[in-house]
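Asker: The numbering of the sequence shown is our numbering, which starts it at 8 and goes up by one.
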Amino acid sequence: MKIRLVRDDDYPEIARLRRQTIRHVNSKDYSEEVIESWSSKIGTKNFRGSAETCKRWVAVEKEKIIGFCEHTFECEVSRMYVHKEHLRKGVGSRLLEVAEASLKKQGCKEIHIESTVTAKDFYEKNGYIVLEKTLYKGNTKEPIYKMEKRLFKDTNS
Ligand SMILES: CC(C)(COP(=O)(O)OP(=O)(O)OC[C@H]1O[C@@H](n2cnc3c(N)ncnc32)[C@H](O)[C@@H]1OP(=O)(O)O)[C@@H](O)C(=O)NCCC(=O)NCCS
Numbered sequence: 008m009k010i011r012l013v014r015d016d017d018y019p020e021i022a023r024l025r026r027q028t029i030r031h032v033n034s035k036d037y038s039e040e041v042i043e044s045w046s047s048k049i050g051t052k053n054f055r056g057s058a059e060t061c062k063r064w065v066a067v068e069k070e071k072i073i074g075f076c077e078h079t080f081e082c083e084v085s086r087m088y089v090h091k092e093h094l095r096k097g098v099g100s101r102l103l104e105v106a107e108a109s110l111k112k113q114g115c116k117e118i119h120i121e122s123t124v125t126a127k128d129f130y131e132k133n134g135y136i137v138l139e140k141t142l143y144k145g146n147t148k149e150p151i152y153k154m155e156k157r158l159f160k161d162t163n164s
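#1: Is DSSP giving Ser164 helix, strand or coil here?
#2: In angstroms with no decimal places, state the Cα-to-Cα distance between Leu142 and Lys148.
#3: Going by Cα to Cα distance, which pick from Lys144, Leu94, Leu158 is closest to Ser44?
#4: Could you tell me the alpha carbon to alpha carbon distance between Glu20 and Ile72, rounded to whole angstroms?
#5: Quick one, are the C-beta atoms of Cys76 and Ala106 less than 8 Å apart?
#6: Starting from the C-beta of Ile49, find all residues in its chain whose C-beta is less than 8 Å away, skip the five residues before and the five after it, and write them out in chain order.
#7: Pull up the distance between the alpha-carbon of Ala108 and that of Ile118, whole angstroms please.
#8: Determine the DSSP secondary structure at Tyr18, reduced to helix, strand or coil.
#9: Shortest alpha-carbon distance to Tyr88 belongs to which of Asn53, Met154, Asn33?
#10: Have a look at Lys69 and Thr28 and give me their C-alpha separation to the nearest angstrom.
#11: Have a look at Ala126, Met8, Leu94 and flag the residue whose alpha-carbon is nearest the alpha-carbon of Tyr37.
#12: Return the chain-ordered ranges of every beta strand (DSSP E) run that is complete within the region 45-105 and spans a minimum of 3 residues.
#13: In chain order, what residues of the same chain have a beta carbon less than 7 Å from the beta carbon of Tyr130, not counting five sequence neighbours either side?
#14: Using a Cβ-Cβ cut-off of 6 Å (strictly less than) and excluding sequence neighbours within five positions of Ser164, which residues of its own chain qualify?
#15: Who pairs with Tyr152 in a beta bridge, going by DSSP?
#16: Got a sec, what are the start and stop residues for the alpha helix (DSSP H) Lys127 sits in?
Encoded structure:
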């Protein structure tokens, strides 16, 4: 597996991957209504339109994109999705490592995420702590977790 920065011609594939992952992976934790709304909301055009507002990477295996993640310029990991057939092989952790290194380079002292219920254990495993359990965009029922990881300077840097 290789991790590289996203290219413009990756967007149709990552939009499809995001849709599939929401429908097949997040669907165990959220209502049908929310899954439908999340999965249909963001397509190729939307990814292209937000390209300047974040930094994005893709994980590639045998020329196929098997995961992607992005961070904003405000010390936040904003999206992280792994293909349903490539879960639990370390793809998400590798992507997160790259995003964290990039945020550290930008001077972030801590990293924030709004995690799905689905990804909470994954982020905890990667050193994040829950700050607050809250509701997705004020929705009455759908929980998400505000999480944080503190970054410390290398003692020998
Ligand atoms: C969260 C996600 C990105 C994790 O990707 P992944 O490549 O499967 O994660 P990794 O293989 O790097 O997992 C590392 C560790 O995290 C923990 N972990 C990962 N997924 C887990 C799960 N579903 N349940 C419990 N622990 C989990 C495990 O400790 C795992 O180590 P192990 O497999 O040796 O036990 C993936 O499940 C996903 O795309 N989920 C749906 C989309 C989503 O909710 N994204 C987050 C938006 S904020």
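Even for Gly, the Cβ is constructed at its ideal location relative to N, Cα and C.
Answerer: With the structure as the only source:
#1: With a pLDDT of only 48 at Ser164, under 50, the local geometry of the prediction cannot be trusted, and the value read off the model is given with reservation. Note: Ser164 maps to coil in three-state DSSP.
#2: The alpha-carbon atoms of Leu142 and Lys148 are separated by roughly 7 Å.
#3: Comparing Cα-Cα distances from Ser44 to each of Lys144, Leu94, Leu158, the minimum goes to Lys144.
#4: One C-alpha to the other measures close to 7 Å.
#5: Judged by their CB atoms, Cys76 and Ala106 are nearer to each other than the 8 Å cut-off.
#6: So the list reads Ala22, Arg25, once near-sequence residues are dropped.
#7: Each residue's CA atom was taken as its position, placing Ala108 and Ile118 some 11 Å apart.
#8: The answer is helix: DSSP assigns Tyr18 an H, G or I state.
#9: It is Asn33.
#10: Taking the Cα positions, Lys69 is about 19 Å away from Thr28.
#11: Selected option, being the one with the closest Cα: Ala126.
#12: DSSP assignment within the region 45-105 yields the following whole beta strand (DSSP E) runs of 3 residues or more, N-terminal first: 61-68, 71-79, 83-89.
#13: Once the five neighbours on either side are set aside, the close Cβ partners of Tyr130 are Ile120, Ser122, Met154.
#14: At Ser164 the pLDDT is 48, less than 50, meaning the model places this residue with poor confidence and gives no usable figure here.
#15: Per DSSP, the beta-bridge partners of Tyr152 are Ser122, Lys140.
#16: Secondary structure note for Lys127: its alpha helix (DSSP H) is the uninterrupted segment 127-132.
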